[in-house]
Every structure is written in structure tokens, then in C-alpha cells.
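Working notes, structure below.
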Amino acid sequence: MATPDHWHAPIAIAAMRKGKHVLGQKPMAHSIAEARRMARIARETKVATSLTVNNPSSEATRTLSNWLADGAIGRVREVHNWSSRPYWPQGVERPKEEQQAPANLDWDMWVGPAPMRPYHKAYLPFVWRGWYDFGCGSFGDMGCYSFAGLFKILDLTPPTSVEACSGESYEETFPQASIVHLDFPEHSGRPSLRLSWYDGGLHPPRPAGISEQDEQLFRHRQEGVMYVGDKGILLGGFNGDNPSVYPPSPKYQAPPRQSGRGGRPAQGTQAGPPREGAIEHWIAACKGGPASLADFEIQAPVTEALLLGCLAQRLPGEKFLWDTTQMKITNNQKGNAFVDPPYRSGYDA
């Protein structure tokens, strides 16, 4: 499935019910309820599924998992992840004029399960990402890469609360820049922690333990991740590639070859023999091998966290308490409207 986000679940569910294996672009779904349904149907039909995110099996993820398990920075209390996205329009209003759809475009089908609206070139191709009805914004897009690794490294479960702040908000599009805070409960001996996302050119504040000189290197990163523990700090690229520990330690030095975005070799590094990623794992699963580390059941909780963040971006300044068992927000009914929004008639999954 490689359509705009609002079509992912209907296509994947239809295919799985036909007994077809499914490889999907991220994000997995456009709503939390869709992600739950996709995971359940994948389990029931026993087909092989995967998203095209390589981070769960990347070299960077293995390195960070080993370092943190070894106590490189102590117990992790905070994680900060920032992206240079969006590269597409966000923070815009709906076009007032109507345009004629191209003759080779079935506009009704393209809109599909989303609410109908007049055609305009402001929605496609590619630029649909910033619109609530069609995409998931920069967080729902890029966060799929980094969060797939973060969930594996930190053994995360769905968050218990989420809140977002942004500049000017718009009725139908994600903000141009935002900060999203997700609070995760303690789990399997790991303490509770806060994971914060920044986009649109925003960065986290300089933490204690990072000198002003080191901060310049930190600020130079257009995209990155920072783990804050009770004994130190770990800085890396967006997906954790080429990590550094502060205070520096000769024990924790990144291998010469580390992965870039999506788990691929970072630009300028020695590529070496190709490593297997999500697509190769999915093909093996189709042939009876083990499930991909990015299969729908594994990625559904990751998607849940991302879509909770997207929900908070739509209602900035409000804190939402999340009950994952009941799949509902317990303190704010406005947010629940986005957990399982209805499909347009004729396009029910």
C-alpha cells in the first residue's frame, strides 16, 4: 500500500481478508481504531505484514540498545527527537476556489473514506500530507521511522498522556512547527519517561551536562535524537545513527559504519555488504519465516502513540489522558472524536 494515509487501512484490510500478504508504507493507519483493526485482522488471517521501516533491525538500534542496557547513561528519564520536516505545506487554509479535476483522476475514489471536498491541486500529489483528512503531518510521517526504533530500544508501551504546543493553529492542516510531549508508564523495570518531539525547525533545550561548545554541534543537527539519563546524555542522528555519549567514554564509541534515515547506510560511510531490512524480512515471512520486526501487530502500539500526538496537534494546549485498554481519552471528549472517525458512506473498511 503506497497511497495517501487515509487509504492505508481500507486497502490493507481488504487484502488481508482475501488472504494476501501486505507490505505498507508508513504510517500504518490514519486513526488509532484503524491500527487496532489492522493488527487484529493480521493476527486472525495469519498473513505476513510489514511497514517499510528498517529501524527496528538497524545497526543504530542495536548499538543504542546495547549501550543503554549496559548503563551508558543510567536510567533513561527523557527522550527528545527532532525533525527538519515539514517539506510540504502545513499551517494553511482550505483553498476558496474550485478547480476541475484532471480527466485521468477519479476524484471521488481518491477522496475515498475521507469527507468529500472539491478538487484542488493543493491536495495532490504529495502535498496531501499536511491535511488532517488525508495525512498525518510531519510527526505522523517521520515519527514512524524514529519511533519504531525507540519503541524497540526502550520497550515502550502506549503512552498514558499526550499534549502539544504550536504556533498558530489551523482548522484543516497540521501546524508549521510544534512540540509534542508523550508520557510513558514504567514497564519491565524501566522507569516512566517523557518522549518529546519537535518539528518545523524547533530543537530541545540544552540539557545539563552539555557544554556550550558541544551545544553548537547539537544545534548543528537539523534532525536528531537525545536520550537523557540520570548519569549522562546520549546524542545521535534522527534514528540514533553515529551516537555520542556525554560525558565522553572510550567504552562507548560508535562503529565506523552506522545507519542513516530509515536504517540505510549513512551518506559517506562504507556501505559494505547489504543488510536485510523490513522488505527482506517481509519476503521471508511470506515464505513461512519469522514475522518482520515491523509487522502490523508490533507497529500498532507505535502507530497509536504517533496518532495520539497527531490528535494533540489538532487541539494544542490541552492535555489528554489516554486509557489504551478502553481505547479512549478519559478527560476530554473533544479528542475522542478523532480516535475512530466515521468513513464516508460507501467506503467502510
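Residue numbers (the working numbering): 1112 to 1460.
For each residue, glycine too, the CB sits at the ideal point set by N, CA and C.
Bear in mind the structure is a predicted one, so any value in this text is a computation, not a measurement.
Beta carbon of residue 1162 nearer than 9 Å to that of residue 1137: Position 51 of the sequence shown, counted from the first residue, corresponds to residue 1162. Position 26 of the sequence shown, counted from the first residue, corresponds to residue 1137. Yes. Within cutoff.
Determine, using beta-carbon pairs with one atom in the segment 1405–1421 and one in the segment 1250–1263, whether at least three such pairs fall under 8 Å. Contact between the segment 1405–1421 and the segment 1250–1263 is present: three or more C-beta pairs spanning the two stretches fall below 8 Å.
Roughly how many whole angstroms lie between the Cα atoms of residue 1310 and residue 1200? Start at 1 with the first residue of the sequence shown, and residue 1310 comes out as number 199. Start at 1 with the first residue of the sequence shown, and residue 1200 comes out as number 89. So the two alpha carbons sit approximately 13 Å from each other.
Between which residues of its own chain and residue 1225 is the CB-CB distance below 7 Å, once the five residues before and five after are set aside? The count along the sequence shown starts at 1 and reaches residue 1225 at position 114. 1117, 1244, 1245 and 1455, listed in sequence order.
Length of the line joining the Cα atoms of residue 1366 and residue 1187: As a position in the sequence shown, residue 1366 is number 255, starting the count at 1. As a position in the sequence shown, residue 1187 is number 76, starting the count at 1. If you take the alpha carbons of residue 1366 and residue 1187, they lie about 22 Å apart.
Where residue 1433 falls: helix, strand or coil (DSSP): For the purposes of this step, residue 1433 is identified with residue 322 of the sequence shown, where counting begins at 1. Correct three-state label for residue 1433: strand.
Could you give the distance in angstroms between the alpha-carbon of residue 1119 and the alpha-carbon of residue 1343? Start at 1 with the first residue of the sequence shown, and residue 1119 comes out as number 8. Start at 1 with the first residue of the sequence shown, and residue 1343 comes out as number 232. Each residue's CA atom was taken as its position, placing residue 1119 and residue 1343 some 40 Å apart.
Exposed or buried, what is residue 1298 when buried is set at 16 or more other beta-carbons lying within 10 Å of its beta-carbon? Numbered from 1 along the sequence shown, position 187 holds the residue referred to as residue 1298. Within 10 angstroms of the beta-carbon of residue 1298 lie fewer than 16 other beta-carbons, which makes it exposed.
Quick one: using the 10 Å Cβ neighbour count with 16 as the cut-off for buried, is residue 1216 buried or exposed? Residue mapping note: residue 1216 aligns to position 105 of the sequence shown, counting from 1. That one is exposed.
Once the 5 residues before and after residue 1195 are set aside, which same chain residues still bring their CB inside 6 Å of it? Stepping through the sequence shown from its first residue, residue 1195 is reached at position 84. Only 1333 and 1334 meet the Cβ criterion.
What residue does the beta strand (DSSP E) around residue 1344 start on, and which one ends it? For the purposes of this step, residue 1344 is taken as residue 233 along the sequence shown, with counting starting at 1. For residue 1344, the uninterrupted beta strand (DSSP E) segment begins and ends at 1344–1347.
For residue 1178, the first and last residue of its enclosing alpha helix (DSSP H): Counted from its first residue, the sequence shown places residue 1178 at position 67. Start and end: 1170–1180.
Length of the line joining the Cα atoms of residue 1435 and residue 1210: By 1-based counting over the sequence shown, the position of residue 1435 is 324. By 1-based counting over the sequence shown, the position of residue 1210 is 99. When only Cα atoms are considered, residue 1435 and residue 1210 end up about 42 Å apart.
Based on DSSP bridge pairs, tell me the residues matched to residue 1414. Taking the sequence shown and counting its residues from 1, the one referred to as residue 1414 is at position 303. For residue 1414, which the question treats as bridged, DSSP gives no partner whatsoever.
Identify every residue that forms a DSSP beta bridge with residue 1284. Numbered from 1 along the sequence shown, position 173 holds the residue referred to as residue 1284. The partner list for residue 1284 (beta bridge, DSSP) reads 1242.
Whole alpha helix (DSSP H) elements within the segment 1154–1237, 4-residue minimum: If only uninterrupted alpha helix (DSSP H) runs of at least 4 residues are considered, those enclosed by the segment 1154–1237 are 1170–1180 and 1218–1222.
For residue 1105, the three-state DSSP class (helix, strand or coil): Nothing in the structure corresponds to residue 1105, since the chain is present only between 1112 and 1460.
Please report the straight-line C-alpha distance between residue 1395 and residue 1151, rounded to a whole angstrom. Against the sequence shown, residue 1395 aligns to sequence position 284. Against the sequence shown, residue 1151 aligns to sequence position 40. Cα to Cα, residue 1395 sits roughly 21 Å from residue 1151.
In this structure, does DSSP put residue 1337 in helix, strand or coil? Taking the first residue of the sequence shown as 1, we reach residue 1337 at position 226. The DSSP-derived three-state label of residue 1337 is strand.
Per DSSP, what kind of secondary structure is residue 1455 in: helix, strand or coil? By 1-based counting over the sequence shown, the position of residue 1455 is 344. If DSSP states are grouped into helix, strand and coil, residue 1455 belongs with coil.
So residue 1451 packs on residue 1144, CB below 8 Å; how close in whole Å? Along the sequence shown, read from residue 1 onward, the residue named residue 1451 stands at position 340. Along the sequence shown, read from residue 1 onward, the residue named residue 1144 stands at position 33. Indeed, because the Cβ distance is near 3 Å, the residues count as touching under 8 Å.
Is it buried or exposed, residue 1462, if we count other Cβ atoms within 10 angstroms and call 16 or more buried? This structure does not reach residue 1462, given that the chain is present from 1112 up to 1460, and the question cannot be answered.
Which residues bound the alpha helix (DSSP H) around residue 1257? Here residue 1257 corresponds to residue number 146 of the sequence shown, with the count starting at 1. Annotation for residue 1257: the continuous alpha helix (DSSP H) segment containing it runs 1248–1265.
How many Å lie between residue 1316 and residue 1208 at the Cα? What you label residue 1316 is simply residue 205 of the sequence shown in a count that begins at 1. What you label residue 1208 is simply residue 97 of the sequence shown in a count that begins at 1. Between the alpha carbons of residue 1316 and residue 1208 lies a distance of about 42 Å.
Exposed unless 16 or more other CB atoms sit within 10 angstroms - verdict on residue 1140: Locating residue 1140 in the sequence shown gives position 29, counting from the first residue. The residue in question, residue 1140, is buried, as its Cβ has 16 or more Cβ neighbours within 10 Å.
Would you check if the segment 1348–1363 and the segment 1123–1130 touch, i.e. whether three or more CB-CB distances between them fall below 8 Å? By the Cβ rule, the segment 1123–1130 does not count as touching the segment 1348–1363, because fewer than three pairs are nearer than 8 Å.
Please work out which residues of its chain come closer than 7 Å, Cβ to Cβ, to residue 1446, disregarding the five sequence neighbours upstream and downstream, and give them in chain order. For this step, residue 1446 is matched to residue 335 along the sequence shown. The beta carbon of residue 1446 lies closer than 7 Å to those of 1422, 1426, 1431 and 1440 in the same chain, with the five residues before and after it left out.
Would you kindly work out how many angstroms separate the C-alpha atoms of residue 1349 and residue 1169, rounded to a whole number? By 1-based counting over the sequence shown, the position of residue 1349 is 238. By 1-based counting over the sequence shown, the position of residue 1169 is 58. Their backbone Cα atoms lie some 13 Å apart in a straight line.
Complete alpha helix (DSSP H) runs within the segment 1119–1148 (minimum length 4 residues, chain order): The qualifying runs are 1119–1128.
Sequence-distant residues of its chain with Cβ nearer than 7 Å to residue 1288 (five each side left out): Reading the sequence shown from its first residue, position 177 is the one you call residue 1288. Around residue 1288: 1277, 1278, 1310, 1311, 1312 and 1313.
Tell me which residue opens and which closes the beta strand (DSSP E) that residue 1392 is part of. Reading the sequence shown from its first residue, position 281 is the one you call residue 1392. Boundaries around residue 1392 are those of the alpha helix (DSSP H), 1389–1397, since no beta strand (DSSP E) includes it.
Thinking C-beta only, is residue 1285 closer than 9 Å to residue 1424? For the purposes of this step, residue 1424 is identified with residue 313 of the sequence shown, where counting begins at 1. For the purposes of this step, residue 1285 is identified with residue 174 of the sequence shown, where counting begins at 1. Their beta carbons are under 9 Å apart, which means residue 1424 touches residue 1285 by this criterion.
Would you report the Cα separation of residue 1218 and residue 1239, rounded to the nearest angstrom? Here residue 1218 refers to the residue found at position 107 when the sequence shown is read from its first residue. Here residue 1239 refers to the residue found at position 128 when the sequence shown is read from its first residue. Rounded to whole angstroms, residue 1218 and residue 1239 show a C-alpha spacing of 13 Å.
Pairwise C-alpha distance: residue 1154 and residue 1115: In the sequence shown, counting from the first residue as 1, residue 1115 sits at position 4. In the sequence shown, counting from the first residue as 1, residue 1154 sits at position 43. In this structure, the straight-line span from the alpha carbon of residue 1115 to that of residue 1154 is close to 24 Å.
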